[in-house]
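So the protein sequences, as listed, match chains R and G.
Residue 353 is where the first sequence starts when you use this note's numbering, and the numbers rise one by one after that.
Residue 259 is where the second sequence starts when you use this note's numbering, and the numbers rise one by one after that.
The next block holds one structure in the form of structure tokens; read it before the comments.
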Amino acid sequence: MVQSQTPIVDIRNMSFKRGNRTIFDNISLTVPKGKVTAIMGPSGIGKTTLLRLIGGQLTPDSGEILFQNQNIPTLSRSKLYQARKKMSMLFQSGALFTDLNVYDNVAWPLREHTQLPAALLHTTVMMKLEAVGLRGAEKLMPAELSGGMARRVALARAIALEPDLIMFDEPFVGQDPITMSVLVKLIDELNQALGVTCIVVSHDVPEVLSIADYAYIVAGERIVAQGVPTDLRANDNPQVRQFINGEADGPVPFRYPAGDYLTDLVGTRSV
Amino acid sequence: MVLTVFAKLGRWGIARCHSLGRAGLMLFHAIVGKPEPLQQGRLLLRQLYSLGVLSLLIIVVSGIFIGMVLGLQGYMVLKTYGAETSLGMVVALSLLRELGPVVTALLFAGRAGSALTAEVGLMRATEQLSSMEMMAVDPLRRVVAPRFWAGVISMPLLSIMFTAVGILGGALVGVLWKGIDAGFFWGAMQSSVDFQTDLVNCVIKSIVFAITVTWIALFNGYDATPTSEGISRATTRTVVHASLAILGLDFVLTALMFGN
Chain R
353 MVQSQTPIVD
363 IRNMSFKRGN
373 RTIFDNISLT
383 VPKGKVTAIM
393 GPSGIGKTTL
403 LRLIGGQLTP
413 DSGEILFQNQ
423 NIPTLSRSKL
433 YQARKKMSML
443 FQSGALFTDL
453 NVYDNVAWPL
463 REHTQLPAAL
473 LHTTVMMKLE
483 AVGLRGAEKL
493 MPAELSGGMA
503 RRVALARAIA
513 LEPDLIMFDE
523 PFVGQDPITM
533 SVLVKLIDEL
543 NQALGVTCIV
553 VSHDVPEVLS
563 IADYAYIVAG
573 ERIVAQGVPT
583 DLRANDNPQV
593 RQFINGEADG
603 PVPFRYPAGD
613 YLTDLVGTRS
623 V
Chain G
259 MVLTVFAKLG
269 RWGIARCHSL
279 GRAGLMLFHA
289 IVGKPEPLQQ
299 GRLLLRQLYS
309 LGVLSLLIIV
319 VSGIFIGMVL
329 GLQGYMVLKT
339 YGAETSLGMV
349 VALSLLRELG
359 PVVTALLFAG
369 RAGSALTAEV
379 GLMRATEQLS
389 SMEMMAVDPL
399 RRVVAPRFWA
409 GVISMPLLSI
419 MFTAVGILGG
429 ALVGVLWKGI
439 DAGFFWGAMQ
449 SSVDFQTDLV
459 NCVIKSIVFA
469 ITVTWIALFN
479 GYDATPTSEG
489 ISRATTRTVV
499 HASLAILGLD
509 FVLTALMFGN
């Protein structure tokens, strides 16, 4: 148990601005090793940005992002690429290579980073595809896959190098209920069977809470609540309640911040 | 009023410098680094095929026609002075010094440059570049570098091909159709074309154009706004910027090479 308490990702007092808009204001969060950590929140508050910050594709304005005790923003280019071999990310679109078929997509990271003999490469790819239930689809091109299948292929590719950490960017968005539960099952199995640490960014509350060991709710530039799923469901902070129960208006405003409505309609002419 | 104009101008200038800097960094990171001959060789070969070999048709066909037009026009002008026997010289020199490298570069920008921008831009828009990065593979080395080298290697070869085919086209019109004596035609060419000033300069010009066109195309794709409109704008920008850069640089190079 002691080992599972060590955080694999540790974000300390991190702030991030895009232009003049603050996305994160001094947030801290930890992702314990071997667990499923959920990051939830309304759309457009920078959940994906958070994953890109952990992956080193964006640099925070201040604060530290530790991945396996290495501070990602300060790493050199080559060190960063070394660190990225131990993490992988599942993009919302799947981001499969459109000119390669399913088999080659899954084999791609292996061919790039290892010198596996052909037979072993084949076995590994087949095992990964079997794990997501798509061994029969190896010859298909990405354009021939449904959204859910593309995401599963992307998952197979993401686990090809057996990373320590997988980040899921909105894995359930736009999926039918069956695919959704397939994905939930897959994430859960990955975590249970292989002990892979998972970060799931999502706003599909019931699905995420069903697999998460710990969850953070991000809203309005900071973390508004955190805890194990049962705690969050019982949380009485109005902002959290609004989000978990899916109410249209509340502390999280329905409107994007805007200037005076009347001024917008009649212009700045003095009345 | 005047101030806002200046402010706008300044902002525009800073933005241009900024993107020039980013373009430079992109190229630097793409081509500087540990070479991996086997892996990069295979990628390079594939790009050489799609940029070079697939551009051959348009280059050869345009070369023949430009050579034939040049031969015909040259013949008609020279005939008024009774100097049609120097047609070979006119055709060879104008192709080697100007038309070969310039027209090839313009055609290459339209045929291969736009394709490069669209391809890289779409890879960006569909997050393929991002996912490569997250799989610990540098897209600059994997995607940009082989395409850059393929452009730089194939364009000078295409220029030479264009020039050669153009000269044949000129000969077709001059010798076969207008009946200039083949000995005079080729003799005039042989005595006037100089290896150093004409052939070497032709290759230098087309190497410079190759670097410019490929760089512009790759950067526009890499930097494209990831929307369909953004990619369409990036593609247009590639063709426009590359063409202008080719013509501008051509003047500079010509002045340096043949100015005095």
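Even for Gly, the Cβ is constructed at its ideal location relative to N, Cα and C.
Being a predicted model, the structure only gives us computed values, none of them experimental.
Cβ pair residue i, residue j closer than 9 Å
i, j, result
"G:Ala281", "G:Gly371", "no"
"G:Ile465", "G:Met413", "yes"
"R:Ile551", "R:Leu403", "yes"
"G:Gly479", "G:Ala492", "yes"
"R:Leu584", "R:Ile569", "yes"
"R:Thr389", "R:Tyr566", "yes"
"G:Ala503", "G:Val378", "no"
"R:Arg504", "R:Leu538", "yes"
"G:Thr472", "G:Leu374", "yes"
"G:Gln305", "G:Ala408", "yes"
"G:Ile272", "G:Ala376", "no"
Cβ shell of residue i (< 7 Å), same chain only, five flanking positions each side left out
i, result
"G:Leu416", "Gly310, Ser313, Ile317, Thr362, Phe366"
"G:Gly520", "Any question about residue 520 of chain G goes unanswered here, given that chain G covers just 259 to 518."
"G:Gly288", "The sequence given here places Ala at residue 288 of chain G; Gly does not occur at that position. The residues are Leu398, Arg399, Val402, Ala403, Phe406."
"R:Ala564", "Val388, Thr389, Ala390, Val552, Pro581"
"G:Pro359", "Ser417, Cys460, Lys463, Ser464, Phe467"
"G:Arg495", "Asn478"
"G:Pro484", "Arg382, Ala383"
"G:Gly291", "Arg399"
Chain-order list of residues whose beta-carbon lies under 8 Å from that of residue i (same chain, five-residue window excluded)
i, result
"R:Ser356", "Note that R:Ser356 scores 49 on pLDDT, short of 50, meaning its location in the model is unreliable and no value can be drawn from it."
"R:Pro359", "Thr382, Val383, Pro384, Lys385, Leu418"
"G:Met326", "Gly427, Gly428, Leu430, Val431"
"R:Val354", "Reliability of the predicted coordinates at R:Val354 is poor, the pLDDT of 40 falling under 50, and no value is obtained from them."
"G:Ala341", "none"
"R:Gly526", "Gly499"
"R:Leu462", "Leu468, Leu473, Thr476, Val477, Ala512, Leu513"
"R:Asn587", "Ala577, Gly579, Arg593, Ile596"
"R:Ser367", "Thr374, Phe376, Asp377, Asn378, Ile379, Pro412, Asp413, Ser414, Gly415"
Inter-residue CB distance, residue i and residue j (contact presumed, cutoff 8 Å)
i, j, result
"R:Phe520", "R:Val553", "6 Å"
"R:Ala508", "R:Gly446", "That belief does not hold up - the Cβ atoms of R:Ala508 and R:Gly446 are roughly 11 Å apart, past 8 Å."
"R:Ile379", "R:Ile363", "7 Å"
"R:Gly393", "R:Ala506", "Not a contact, Cβ separation roughly 23 Å."
"G:Leu476", "G:Arg405", "6 Å"
"R:Val536", "R:Ser562", "6 Å"
"R:Pro494", "R:Leu448", "4 Å"
"R:Glu464", "G:Met393", "7 Å"
"R:Glu324", "R:Gln444", "The requested residue 324 of chain R is not part of the displayed model; chain R covers only 353 to 623."
"G:Val423", "G:Gly299", "Wrong, their Cβ atoms sit about 29 Å apart, outside the cutoff."
"R:Glu490", "R:Leu481", "6 Å"
Reference residue i; option with closest CA among the options
i, options, result
"R:Ala435", "R:Asp528, R:Ile518, R:Glu522", "R:Ile518"
"R:Gly396", "R:Thr382, R:Val618, R:Arg373, R:Leu481", "R:Arg373"
"R:Gly625", "R:Thr426, R:Arg574, R:Phe443", "No information on residue 625 of chain R is available, as it lies outside the stretch 353 to 623 that chain R covers here."
"G:Val431", "G:Leu345, G:Val498, G:Leu354", "G:Leu345"
"G:Phe516", "G:Arg355, G:Glu342, G:Met284", "G:Arg355"
"G:Leu357", "G:Ala376, G:Gly340, G:Phe323, G:Leu380", "G:Phe323"
"G:Leu351", "G:Cys460, G:Phe286, G:Gly479, G:Thr485", "G:Cys460"
"G:Val348", "G:Trp444, G:Phe453, G:Ile504", "G:Trp444"
"R:Ala512", "R:Glu522, R:Pro529, R:Leu473", "R:Leu473"
"R:Asp451", "R:Leu492, R:Glu464, R:Gly485", "R:Leu492"
"R:Ser440", "G:Leu364, G:Val433, G:Met390", "G:Met390"
"G:Gly332", "G:Val433, G:Gly506, G:Leu296, G:Gln448", "G:Val433"
"R:His555", "R:Pro515, R:Thr549, R:Met532", "R:Met532"
"G:Ser450", "G:Pro484, G:Gly279, G:Leu380, G:Thr343", "G:Thr343"
"R:Val592", "R:Ala610, R:Asp516, R:Val557, R:Val484", "R:Val557"
"G:Ile411", "G:Tyr307, G:Val263, G:Gln297", "G:Tyr307"
"G:Asn518", "G:Thr455, G:Glu487, G:Ile474", "G:Thr455"
"R:Pro515", "R:Thr466, R:Lys438, R:Ala483, R:Arg487", "R:Lys438"
Close-in-space but distant-in-sequence residues of the same chain around residue i (CB under 6 Å, 5 per side omitted)
i, result
"G:His276", "none"
"R:Val548", "Ile518, Leu542"
"G:Gly279", "none"
"R:Ile424", "Gly408, Ile417"
Inset, instruction - Could you say if the segment 381-390 of chain G and the segment 427-445 of chain G meet the contact criterion of at least three C-beta pairs nearer than 8 Å? - result: Inter-segment contact for the segment 381-390 of chain G and the segment 427-445 of chain G is absent: fewer than three beta-carbon pairs are separated by less than 8 Å.
Inset, instruction - Check whether the segment 414-425 of chain R touches the segment 573-580 of chain R, taking contact to mean three or more Cβ pairs, one atom from each stretch, closer than 8 Å. - result: no
Inset, instruction - Say whether the segment 532-547 of chain R touches the segment 464-477 of chain R, bearing in mind that this needs 3 or more beta-carbon pairs closer than 8 Å, one atom from each stretch. - result: Verdict: no, contact absent.
Inset, instruction - Decide yes or no for the touch test of the segment 396-408 of chain G against the segment 507-514 of chain G: beta carbon pairs closer than 8 Å, at least 3 of them. - result: no
Legend entry - At least three beta-carbon pairs within less than 8 Å, the segment 445-460 of chain R to the segment 397-406 of chain R: no
Legend entry - chain A contacts made by the segment 388-408 of chain G, where a contact means CB separation under 9 Å: Of the protein chains in the structure, R and G, none is chain A.
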